[in-house]
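Structure first, then comments.
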Ligand code: SF4
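Residue numbers (the working numbering): 636 to 855.
Pasting the structure below:
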């Protein structure tokens, strides 16, 4: 699936099935652009989830910009509260595509909120500072996986391909994002870390003026 909704029990549904199951009310709609990732997190859902083929987030091939635009055009927009770039891979591996689609969404549906869920390593992936790519009001929220309070623990959990420098690069990206994105949120997964580690993450975020969200495992 390229475009999907999430339902109770960590299920991924096509938008049509989501509406059948829950005909009333607005919901977040998710965009799955790639299965590529520059991390190999120990807790990654991609390694644990079993999905029926028709509702799988494993892509046979990456969708083109035009394919995604077509799926966006076909959405029942009255039922959409937010568009989230997420999926089974790291969206910023296709940074240009994410930016182009964010612009398209804001051009066609300016009131719809947009969010990017990311590991925050796009500066390392693209060899430059990338937060400015989201300037111009195209992105309302960026949710960045903090995962840990220090570089060593972060690398142990994420096995990021850029090694120990990944953690500082992710934090720099988060701080840079504050200039361009109204809501910058860092996340840590509740079951992966203990309360002491979560407290250290909170302190680190407070020192940098960043918000921390303790995320429930499987929640997007
Ligand atoms: S960054 Fe996300 S998609 Fe990539 S390995 Fe980690 S949890 Fe999985």
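By construction, the Cβ of each residue, glycine as well, lies at the ideal position given by its N, Cα and C atoms. As the structure is a computational prediction, the values presented were derived from the model and not from experiment.
Is residue i near residue j, with beta carbons less than 8 Å apart?
{"i": "residue 730", "j": "residue 776", "result": "no"}
{"i": "residue 640", "j": "residue 666", "result": "no"}
{"i": "residue 789", "j": "residue 756", "result": "no"}
{"i": "residue 773", "j": "residue 814", "result": "no"}
{"i": "residue 725", "j": "residue 812", "result": "no"}
{"i": "residue 760", "j": "residue 727", "result": "yes"}
{"i": "residue 690", "j": "residue 649", "result": "yes"}
{"i": "residue 686", "j": "residue 754", "result": "no"}
{"i": "residue 696", "j": "residue 638", "result": "no"}
{"i": "residue 792", "j": "residue 721", "result": "no"}
{"i": "residue 750", "j": "residue 780", "result": "no"}
{"i": "residue 717", "j": "residue 684", "result": "no"}
{"i": "residue 719", "j": "residue 752", "result": "yes"}
If we ignore side chains and look at the alpha-carbon of each, how far apart do residue i and residue j end up?
{"i": "residue 844", "j": "residue 680", "result": "29 Å"}
{"i": "residue 846", "j": "residue 835", "result": "13 Å"}
{"i": "residue 694", "j": "residue 668", "result": "8 Å"}
{"i": "residue 647", "j": "residue 715", "result": "16 Å"}
{"i": "residue 800", "j": "residue 823", "result": "19 Å"}
{"i": "residue 739", "j": "residue 817", "result": "19 Å"}
{"i": "residue 711", "j": "residue 821", "result": "30 Å"}
{"i": "residue 785", "j": "residue 807", "result": "14 Å"}
{"i": "residue 783", "j": "residue 653", "result": "34 Å"}
{"i": "residue 670", "j": "residue 737", "result": "19 Å"}
{"i": "residue 795", "j": "residue 674", "result": "4 Å"}
{"i": "residue 826", "j": "residue 832", "result": "11 Å"}
{"i": "residue 829", "j": "residue 810", "result": "25 Å"}
{"i": "residue 735", "j": "residue 769", "result": "10 Å"}
Starting from residue i, follow the alpha helix (DSSP H) in both directions and report where the run begins and ends.
{"i": "residue 655", "result": "650–656"}
{"i": "residue 856", "result": "The shown model of the chain, from 636 to 855, leaves out residue 856, and the question about it has no answer."}
{"i": "residue 802", "result": "801–812"}
{"i": "residue 704", "result": "700–708"}
Is residue i helix, strand or coil by DSSP?
{"i": "residue 766", "result": "helix"}
{"i": "residue 796", "result": "coil"}
{"i": "residue 752", "result": "strand"}
{"i": "residue 774", "result": "coil"}
{"i": "residue 780", "result": "strand"}
{"i": "residue 680", "result": "helix"}
{"i": "residue 736", "result": "helix"}
{"i": "residue 647", "result": "strand"}
What is the residue span of the beta strand (DSSP E) that residue i lies within?
{"i": "residue 761", "result": "No beta strand (DSSP E) contains residue 761, which is instead part of the alpha helix (DSSP H) from 757–761."}
{"i": "residue 639", "result": "638–642"}
{"i": "residue 665", "result": "662–666"}
Inset, instruction - Give, in chain order, every unbroken run of the alpha helix (DSSP H) that is at least 4 residues long and sits entirely within the region 812–845. - result: 830–843
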